[in-house]
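>
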Amino acid sequence: MTTTALSPTRALPTSATRSLLACGILAGPLYVGTGLVQGLTRAGFDLTRHPASVLANGDLGWIQITNFVLTGLLTLAAAAGIRRVLPGRWGPRLLAGYGVSLLCAGVFRADPQDGFPLGTPAGPPSSVSWHGTLHFVCGGLGFAALVGACFAIGSHLTPARAWYSRISGVLFVAGFAGVASGSASPVAVLGFWAAVVIAWTWLATTSAHLMRRTVA
1 MTTTALSPTR
11 ALPTSATRSL
21 LACGILAGPL
31 YVGTGLVQGL
41 TRAGFDLTRH
51 PASVLANGDL
61 GWIQITNFVL
71 TGLLTLAAAA
81 GIRRVLPGRW
91 GPRLLAGYGV
101 SLLCAGVFRA
111 DPQDGFPLGT
121 PAGPPSSVSW
131 HGTLHFVCGG
141 LGFAALVGAC
151 FAIGSHLTPA
161 RAWYSRISGV
171 LFVAGFAGVA
181 SGSASPVAVL
191 GFWAAVVIAW
201 TWLATTSAHL
211 MRRTVA
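So that you can map any letter, position 107 of the sequence shown is 107 in UniProt numbering, and since no number is skipped, the others follow by simple counting.
1. Taking only the alpha-carbon atoms, compute the straight-line gap between CYS23 and ALA194 and give it to the nearest angstrom.
2. What whole-angstrom Cβ distance do ALA110 and ALA56 have, given they're in contact under 8 Å?
3. Less than 8 Å between the beta carbons of LEU203 and GLY28, yes or no?
4. I need the straight-line Cα distance from GLY139 to CYS104, nearest angstrom please.
5. TRP130: buried (16+ other C-beta within 10 angstroms of its C-beta) or exposed?
6. Which residue or residues does DSSP assign as beta-bridge partners of residue 291?
7. Report the partner residues of GLN64 according to the DSSP bridge assignment.
8. Could you tell me the distance, in whole angstroms, from the CA atom of PHE176 to the CA atom of LEU141?
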């Protein structure tokens, strides 16, 4: 796949473009950091058994809901910034789709499961609520958009960064496939946590790279 030279920023001043790209750097640490702090401190939550989505339940569920909304907005801002410095449109559009899916994840709460919050029966939910279904659907569409963004945005970067983007997308697919299969094994759950970190790291490093390439 050929790479395309970066185009200069167009509609926004460089300072505004850099601010938008900075949102792509901040989104990952906010999402992962907030999720890990909750995962290590909230009673009944186990990083080897539960995805971050179930943190939206319980008395402190508003923290994860806010986490989804804020990181969704930051991702949308990053997509706007990337659109200003890259010639292709599909990459930013797909990344924006992932941002919208994060907003939806905050609106449509995942169902309690496997002992979280405390008092929830062990194992998967006996029935899936309408909002739990929408959460899963929006998440699946958003993850597909994120993987597509890795490939589309990477096609406009240097060969090394293009391969890094593709590998990040493939690793995320592998991590998501483990939990999407219904497996609740610690390997699958931790693999998905790792995939999330990989994806956010890709967005942060790509945003930082593009910040350095904006016109001074």
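The beta-carbon is built from N, C-alpha and C at its ideal position, and this holds for glycine as well.
Note that the coordinates shown come from a computational prediction; the quantities given were computed from them, not determined experimentally.
Working from what's here:
1. Reading the sequence shown from its first residue, position 23 is the one you call residue 23. Reading the sequence shown from its first residue, position 194 is the one you call residue 194. The alpha-carbon atoms of CYS23 and ALA194 are separated by roughly 21 Å.
2. For the purposes of this step, residue 110 is taken as residue 110 along the sequence shown, with counting starting at 1. For the purposes of this step, residue 56 is taken as residue 56 along the sequence shown, with counting starting at 1. That belief holds up - the Cβ atoms of ALA110 and ALA56 are roughly 6 Å apart, short of 8 Å.
3. Along the sequence shown, one-based indexing puts residue 203 at 203. Along the sequence shown, one-based indexing puts residue 28 at 28. Yes.
4. The sequence position of residue 139 within the sequence shown is 139, counting from 1. The sequence position of residue 104 within the sequence shown is 104, counting from 1. Distance between the alpha carbons of GLY139 and CYS104 is about 8 Å.
5. On the sequence shown, position 130 is the one that residue 130 refers to. When all chains shown are included, TRP130 counts as exposed.
6. Missing from the structure shown is residue 291; the chain here goes from 1 to 216 and no further.
7. Walking along the sequence shown from the start, residue 64 turns up at place 64. None, per the DSSP bridge assignment.
8. Start at 1 with the first residue of the sequence shown, and residue 176 comes out as number 176. Start at 1 with the first residue of the sequence shown, and residue 141 comes out as number 141. Those two C-alpha atoms are separated by around 12 Å.
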